[in-house]
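Colleague:
Residue numbers (our numbering): 36 to 169.
1) Alpha helix (DSSP H) containing residue 132: first to last residue?
2) What number of angstroms, rounded off, separates the C-alpha of residue 37 from the C-alpha of residue 95?
3) What separation, rounded to the nearest whole angstrom, lies between the Cα atoms of residue 83 and residue 69?
4) Distance, Cα to Cα, residue 119 vs residue 138?
5) Would you kindly work out how many angstroms separate the C-alpha atoms of residue 144 and residue 134, rounded to a whole number?
6) Could you check if residue 72 is buried or exposed, using at least 16 other CB atoms within 10 Å of its CB as the buried criterion?
7) Just to confirm before moving on: does the CB-CB distance between residue 97 and residue 110 stay below 8 Å?
8) Who are the near neighbours of residue 142 in its chain, counting only those whose CB is closer than 7 Å to its CB and skipping five residues on each side?
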């Protein structure tokens with residue numbers, strides 16, 4: 036499978052729009068492709084996905100593991116986008132959404148992690164009583 040130039044531009048645009056790094060978007064894509072592959076009927080019990088950001092090539096390696104979790108055998112899986120069904124596509128979308136949300140949270144946390152003990156002023160735009168710690 037290969038990501039085209041339009042896909043790469045969309046990833047960069049989405050990263051800019053969401054305020055996350057392009058690298059975190061590619062990591063989300065890798066997780067999403069792995070999750071989608073695992074939902075395909077007849078998929079191997081374990082898989083590893085690699086993505087080359089420069090060429091856009093996505094490689095899926097199916098793995099057979101022993102009882103201790105060591106890789107016994109690994110082989111390359113040739114898949115086309117059409118082979119991902121509805122459930123795999125939903126799994127892909129859900130994993131992308133989760134990983135992007137996690138990356139946004141990590142970005143915000145990184146901005147404030149070194150400011151413990153400082154007084155920060157701001158405007159509360161939303162309040163959720165479920166997360167009130169007092």
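A virtual CB, placed ideally from N, CA and C, is assigned to each residue, including glycine.
Modeller: Let me lay it out:
1) By 1-based counting over the chain shown, the position of residue 132 is 97. Residue 132 -> alpha helix (DSSP H) spans 121 to 147.
2) The sequence position of residue 37 within the chain shown is 2, counting from 1. The sequence position of residue 95 within the chain shown is 60, counting from 1. If I take the Cα positions, the gap works out to 11 Å.
3) Position 48 of the chain shown, counted from the start, is the residue given in the question as residue 83. Position 34 of the chain shown, counted from the start, is the residue given in the question as residue 69. Rounded to whole angstroms, residue 83 to residue 69 spans 7 Å at the Cα level.
4) On the chain shown, position 84 is the one that residue 119 refers to. On the chain shown, position 103 is the one that residue 138 refers to. Answer to the nearest angstrom: the Cα atoms are 25 Å apart.
5) Stepping through the chain shown from its first residue, residue 144 is reached at position 109. Stepping through the chain shown from its first residue, residue 134 is reached at position 99. Residue 144 and residue 134: Cα-Cα distance of roughly 15 Å.
6) Working through the chain shown from its first residue, we reach residue 72 at position 37. By the 10 Å Cβ count, residue 72 comes out buried.
7) Here the question's residue 97 lines up with position 62 in the chain shown. Here the question's residue 110 lines up with position 75 in the chain shown. Cβ distance < 8 Å, so residue 97 and residue 110 count as in contact.
8) Reading the chain shown from its first residue, position 107 is the one you call residue 142. Hits under 7 Å: 54, 55.
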